[in-house]
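Residue numbers (this note's numbering): 10 to 461. Each residue gets a CB set at the ideal place from its N, CA and C atoms; glycine is no exception.
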Amino acid sequence: MKMLWMTFLFLALSANAWAADRIPPPDGGGQREPSIAVNQLEHIFIAYIDTMQNRIHIGKSINGGVNWEDRFPTGIDGVDPSMAVDSQGRLYLAWLNSTIGIVRSDNEFAGLAQGKVVSNQYADRPWIKIGPADAVYLTYAGYSFPPNPPVCSQSALKADIYFRKSLDLGVTWRPFLPAENSDPAHPEPETILTAPIASNNYRCSSAPMAIGPNGEIYVVINCFIFDLSNNCAAALTIKEHHVYLTRSDDGGNTFPFFREVPNVKAILTDNAATGMPNRRINMASIAALPGPGHNNNGIIGIVWPCDAKSVSGSTRNGVDICFEVTLDKGESFSLPKIINDDPPGFHFFPAITGDETGFHVVWMDSRETVNTATPLWAAYRSDGFINWSPNFRVSNAAAPGNDNNEDGDPLGFGDFFDITSRKINNVTQVYSTWADDSLGTADIYYDGRPYP
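Structure (structure tokens):
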């Protein structure tokens with residue numbers, strides 16, 4: 010089969026009757042925000058938050074998701090897990106617990122090794138990625154002040170995106186933290202990816218990465234300016250959403266390329282039909298197709314939830330999943346394309362991955378709703394590049410967003426889903442994971458199937 014980006018042909022995925030697998034929860038619900046990694050043996054690992062404990066668990070399956078084992082029955086104190094696997098099957102887990110911790114496992118998490126702190130205080134949402142020669146890359150948000158300061162000002166809400174890397178399998182991380190620097194008189198400067206933003210009035214809270222075909226590191230950065238009217242009662246309601254793209258061509262030593270991604274407009278108001286604050290819906294994700302691509306630069310795709318009316322020629326209402334592509338390392342972008350194929354509704358939490366067959370995207374979808382006051386939700390997926398497959402549901406059923414284990418999350422979905430792919434025996438397998446409360450409490454579900 011010729012590569013998708015060379016032929017510009019679309020190979021549709023037939024919607025066979027696959028069943029989503031539920032990962033048995035440790036305590037009866039309240040699980041969300043999964044991150045997935047699959048090693049060369051097709052052993053599947055999903056890290057997720059148990060919000061009833063505020064701890065992270067890792068489910069492992071060695072038979073395609075039919076059965077699951079909890080690798081950490083007691084859990085890890087923290088939230089916001091991010092997982093990756095390197096070329097030798099070593100697994101990495103990063104998480105948030107005021108600071109950012111990271112741990113490497115050489116035995117599929119048969120035991121929990123000592124974690125390493127790789128950030129200063131007041132951090133948020135790590136993302137981890139493996140680069141050439143098994144280099145490990147990490148991004149995270151760092152606050153100038155505690156994440157929820159009492160001061161009602163934009164500068165008090167400010168957060169930047171930091172980058173660190175390890176070239177020795179996670180043993181040491183550069184730039185050094187001050188406590189690790191053997192020459193305190195000459196501290197290493199921090200790699201702050203958001204330094205080019207000429208404003209103090211933003212919070213940058215999420216920075217997923219993609220690795221280009223020549224080892225380029227791409228980081229898509231989500232930044233927000235909040236509405237501080239009414240004495241900060243609406244401090245976490247977005248007034249502006251900006252998405253930036255930065256790139257390193259030297260393995261993360263420098264990030265000289267920085268630009269705003271065009272056509273991204275904030276979903277400015279909270280939608281009663283979603284029950285979700287817009288700061289959680291407005292999140293972009295990124296993936297790269299492995300080369301060779303256009304002029305050997307690779308093909309980089311970005312997805313985000315978009316106000317449908319912001320897309321040229323669209324008269325739709327609601328929130329859609331938009332996709333843009335760059336063929337020249339971020340210098341220019343295509344016009345945005347809506348990839349959900351249903352009538353207007355609500356769609357959010359898109360996650361994207363790329364491989365030799367094209368891009369794959371999973372998101373939360375309300376298309377099976379009849380009464381928008383009481384929406385039903387299900388995870389849907391589509392595949393493509395120039396053209397996209399008919400959307401298909403990966404959830405077993407659509408369900409109301411009501412987590413019986415109420416913990417401050419009105420729907421029980423968390424803040425993100427995840428998707429990855431791997432070629433197994435010359436067949437591309439695509440693996441999706443999401444939170445689903447069809448049984449009354451938020452649980453983690455998984456879907457894996459060959460493509461095409």
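Compute the distance between the beta-carbons of residue i and residue j, then report whether it is under 8 Å.
i	j	result
ILE55	ILE65	no
GLN40	ILE428	no
THR362	ALA296	yes
TYR389	ALA29	no
SER257	ILE226	yes
LEU47	THR148	With the sequence shown as reference, residue 47 is identified as Val, and Leu is not the correct amino acid for it. Taking 8 Å as the Cβ cut-off, VAL47 and THR148 do not qualify as a contacting pair.
ARG212	LYS167	yes
ASP79	GLN62	no
ASP236	ILE276	no
GLY84	GLN49	no
ILE45	ILE53	yes
VAL127	ILE137	no
VAL436	PRO459	yes
ARG113	LEU176	no
PRO43	PHE357	no
SER319	LYS274	yes
ASP337	ARG376	no
GLY354	THR378	yes
GLY307	GLY300	yes
VAL403	TRP313	no
SER294	PRO345	no
GLY73	GLY457	yes
ALA451	GLY38	yes
ASN231	MET292	yes
PRO141	GLY261	no
GLU51	ILE433	yes
Any idea which residues DSSP pairs residue i with across the strands?
i	result
SER175	VAL145
HIS478	The chain is shown from 10 up to 461; residue 478 falls before or after that span and cannot be answered.
TYR131	TYR131 is not bridged to any residue.
ILE206	In the DSSP output, where bridge partners are listed per residue, ILE206 has none listed.
MET292	BP columns for MET292 are empty, so no partner.
HIS251	CYS232
GLU467	With the chain covering 10 to 461 only, the question about residue 467 has no answer from this structure.
TRP397	GLY393
SER114	LEU100
THR442	ASP427 and TYR455
LEU467	The structure shown has nothing for residue 467, since the chain only spans 10 to 461.
LEU448	Bridge partners of LEU448: none, in fact.
VAL436	ILE433
ASP364	GLY367
ASP30	TYR455
ALA168	TYR152 and ARG212
TRP136	THR148
GLY310	ALA296 and VAL334
ILE201	TYR171
LYS125	ILE111
ILE226	ILE220 and SER257
Please report the Cβ distance between residue i and residue j, rounded to the nearest whole angstrom; I am assuming they are in contact, meaning their Cβ atoms lie under 8 Å.
i	j	result
ASN349	ASN400	6 Å
ASP95	ASP143	4 Å
ILE32	ALA93	Contact doesn't hold; Cβ gap of about 19 Å is too wide.
ALA444	GLY423	5 Å
GLN130	THR108	6 Å
SER447	GLN438	Between GLN438 and SER447 the Cβ distance is about 24 Å, and since that is not below 8 Å, they are no contact.
ALA119	SER214	The Cβ separation is near 34 Å, so there is no contact.
Does any residue of chain C bring its CB to less than 8 Å from the CB of residue i?
i	result
PRO265	Absence of chain C from the displayed structure is noted, only one protein chain being present.
Jot down the residue ranges of each uninterrupted beta strand (DSSP E) in the segment 36–110, minimum 3 residues, whole runs only, in chain order. 40–47, 53–59, 64–70, 88–94 and 100–106
With contact counted as at least three CB pairs below 8 Å, one residue from each stretch, are the segment 99–106 and the segment 383–393 in contact? no
Please give me, in chain order, every unbroken run of the beta strand (DSSP E) with length at least 3 that falls completely inside the segment 314–347. Scanning the segment 314–347 for uninterrupted beta strand (DSSP E) segments of 3 residues or longer gives 328–335, listed from N- to C-terminal end.
State whether the segment 324–341 contacts the segment 353–371, with contact taken as three or more CB pairs (one from each stretch) at a distance under 8 Å. yes
Indicate whether the contact test is met: 3 or more Cβ pairs, each with one atom in the segment 193–203 and one in the segment 171–184, closer than 8 Å. yes
Quick check: the segment 264–274 against the segment 210–222, are at least 3 beta-carbon pairs closer than 8 Å? no
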